[in-house]
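Trainee: Here it is, the structure in full.
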Amino acid sequence: MSRTTPSTGRDFPLSGLPPEVAGPMLPHLEAAAVEMVEEIQGLVPEYARPPDSRYGRRMRWAVAETVRQFVDAIGRPDMEWEKVTGIFEGIGAYEARKGRSLDGLQTAVRVSGQVACRRFIKDARRLDWSLDTLGSITESLFVFLERVASAAAQGYAHAQGELAGERERFRWRLRDLLVMDPPASAEAVAELAKSAGWPVPRTLAAVALRPGPDRDVPVLPPMFLVDWHAADPYLICPDPDGPGRDRLLAAIKRTRSAAIGPAVPPSRAALSLRWAQRGLALVERGVLPGKEPLRCLDHLPSLVAAESEEVLDVALETRLAPLMKLPPHRRDALSRTLLTYMECRDNAVAAAERLLVHEQTVRYRIRRLEEALGGVMSDPDRRIELLLLLHHMVRLDPGDRRISPAG
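Every number in this note's numbering is 371 more than the matching position in the sequence shown, counting from 1.
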């Protein structure tokens, strides 16, 4: 895709230097790249990603490869511009697809140039370069930076086309900034929200969405910040308890499953998204209902139990050992009855209505459970523990201990 015109030796003085100038710099290329990445991440919030993340590794590779390409060009009249411009056309296209402006990338290029200049000045003293050598290197650096910035802009324009206006790009950038973990500063969010024309709400909720075909993407009002094309699509819903939100979420449900995270301040949007994604995962497993958009706070016991499945699975064998030793069909009926009975505040009549059995059946099963479990059921200190264990057994339905749909 490269469309950048190659430089000649006349306008890229680096190619006229002796090749041996590059030798003493080669052992320091990695350190230079690390310094550039650290300064970039300190100045551009959306680039401040964990070093072992996919994004962090890709960023380190791009910076290190660019540094290597520059030094490799010393003494070479046949500078391979296509390699380095191809890298930055790709970066520019990626930024456009993520809905970010070129501001962050341009800052990163400028910061990298500043780091390179500082290091070249130190190298000039250390290696006793002449002023002409230092001048050729720094002049070539400016040409190089201008060329890669131009390549990034070309890649950006090619990917973006003329479809999205500047405000929409700010909205996409804001959407990604809101769900960063650790969170961006309130000042950074406020500044970007102003550029995006998006009033920062007192509370918001993240909504996790099942991936679906592009043709099924509903048109939503601009108050929603949405990423339909992410591997795990999501949207940001401001003021989630405000008027009309249920109708809008119902429109989403017509095309795909959705789970609504808890309402939180904007600084905790990542938390809301995290729990929304966990709720959606339970919907996909068939553990939680998916007919309507799932409100995670309405299913706290199942969400909490799902986060502790391993330890609860172990605890079942000791805490509820008498129950676990029963034949599966008896254990299933008694477990479901006890959970429903406790959810109904120990009301046998209400439990019977929910289980669609006679109230005497419920009372009989509760007596059997009291005999099997001893004082566990009447111990107030064990009630929460018992509820969690039963939720794990009945609602989460581990595959090796399946609970039948009916009691």
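Yeah, the Cβ is synthetic: ideal placement off N, Cα and C, and Gly gets one too. Note that the structure is predicted; figures quoted are calculated from it, not measured.
DSSP beta-bridge partners for cysteine 608?
Mentor: BP columns for cysteine 608 point to Ala576.
Trainee: Out of curiosity, what's the CA-to-CA distance linking serine 521 and isoleucine 462?
Mentor: Whole-angstrom Cα-Cα distance: 12 Å.
Trainee: Quick check on isoleucine 411 - is its C-beta less than 9 Å from some C-beta in chain D?
Mentor: Absent from the structure: chain D. Only one protein chain is present.
Trainee: Determine whether the beta carbon atoms of leucine 767 and alanine 743 lie at a separation below 9 Å.
Mentor: No, the pair does not count as a contact, with Cβ atoms beyond the cut-off.
Trainee: I need the boundaries of the beta strand (DSSP E) containing valine 733, first residue and last residue.
Mentor: Element bounds for valine 733: not the beta strand (DSSP E) but the alpha helix (DSSP H), 730–744.
Trainee: Quick check: what's the CA-CA separation for tyrosine 426 versus isoleucine 755?
Mentor: Their Cα atoms are separated by approximately 41 Å.
Trainee: Excluding the 5 residues preceding and the 5 following leucine 620 in the sequence, name in chain order all residues of the same chain whose CB lies nearer than 8 Å to its CB.
Mentor: Closer than 8 Å at Cβ, skipping near neighbours: Val578, Cys608, Ala629, Ile631 and Pro664.
Trainee: Looking only at its chain, what residues have a beta carbon closer than 7 Å to the beta carbon of isoleucine 445, apart from the 5 residues adjacent to it on each side?
Mentor: Result list for isoleucine 445: Leu385, Leu388, Pro390, Val392 and Ala393, in chain order.
Trainee: With burial defined as no fewer than 16 other Cβ atoms inside 10 Å of the residue's Cβ, what is the status of serine 673: buried or exposed?
Mentor: Per the 10 Å Cβ criterion, buried.
Trainee: Please state if the CB of tryptophan 569 and the CB of arginine 471 are separated by a distance shorter than 9 Å.
Mentor: Cβ atoms of arginine 471 and tryptophan 569: not closer than 9 Å.
Trainee: Identify every run of the alpha helix (DSSP H) within the region 590–674, keeping only runs that are complete inside it and at least 4 residues long; order them along the chain.
Mentor: Fully enclosed alpha helix (DSSP H) runs of 4 or longer: 616–624 and 640–655.
Trainee: Would you give the residue range spanned by the alpha helix (DSSP H) that leucine 388 belongs to?
Mentor: Neither: leucine 388 is in no alpha helix (DSSP H) and is coded neither H nor E.
Trainee: Please classify alanine 777: is it buried, with 16 or more other beta-carbons within 10 angstroms of its beta-carbon, or exposed?
Mentor: Here alanine 777 scores only 39 on pLDDT, less than 50, and its place in the model is too uncertain to base an answer on.
Trainee: Would you kindly check if the distance between the Cβ of leucine 549 and the Cβ of alanine 640 is under 9 Å?
Mentor: Yes, these two residues count as a Cβ contact at 9 Å.
Trainee: Cβ atoms of leucine 651 and histidine 670: under 9 Å apart, would you say?
Mentor: Going by C-beta atoms, histidine 670 is not nearer than 9 Å to leucine 651.
Trainee: Is it true that the CB of methionine 713 sits closer than 9 Å to the CB of leucine 761?
Mentor: For leucine 761 and methionine 713, yes; Cβs fall inside 9 Å.
Trainee: Closest to valine 682 by CA distance: which of Val560, His763, Arg753 and Val590 is it?
Mentor: Nearest C-alpha to valine 682: His763.
Trainee: Tell me whether the beta-carbon of valine 455 lies closer than 9 Å to the beta-carbon of valine 519.
Mentor: Result yes, Cβ atoms of valine 455 and valine 519 sit closer than 9 Å.
Trainee: From lysine 565 to arginine 496, what does the alpha carbon distance come to, in whole angstroms?
Mentor: Rounded to whole angstroms, lysine 565 to arginine 496 spans 47 Å at the Cα level.
Trainee: Buried or exposed for glutamine 731, going by 16 or more other Cβ atoms inside 10 Å?
Mentor: It counts as exposed.
Trainee: Between the alpha carbons of valine 405 and alanine 479, how many angstroms are there, rounded?
Mentor: About 13 Å.
Trainee: Taking the alpha carbon of proline 593 as the reference point, which residue from Ser679, Arg540 and Glu688 has its own alpha carbon closest?
Mentor: Proline 593 has its Cα closest to that of Arg540, out of Ser679, Arg540 and Glu688.
Trainee: Buried or exposed: which applies to tryptophan 432, given that a residue is buried once 16 or more other Cβ atoms fall within 10 Å of its Cβ?
Mentor: Exposed: under 16 other Cβ atoms inside 10 Å.
Trainee: What residue range is occupied by the uninterrupted alpha helix (DSSP H) comprising proline 561?
Mentor: First, the amino acid is wrong: residue 561 is alanine here, not proline. Per DSSP, alanine 561 belongs to the alpha helix (DSSP H) from 557–567.
Trainee: Pop quiz: arginine 779 and cysteine 715 are said to be a contact at Cβ under 8 Å. What is the actual Cβ separation, rounded to whole angstroms?
Mentor: Outside the shown range of the chain, which is 372 to 778, sits residue 779, and nothing can be said about it.
Trainee: Reducing DSSP to helix, strand and coil, say where alanine 500 ends up.
Mentor: With the sequence shown as reference, residue 500 is identified as tryptophan, and alanine is not the correct amino acid for it. Tryptophan 500: coil per DSSP, three-state reduction.
Trainee: Count the other CB atoms, across all protein chains shown, that sit within 10 Å of the CB of proline 611; report buried if there are 16 or more and exposed otherwise.
Mentor: That one is buried.
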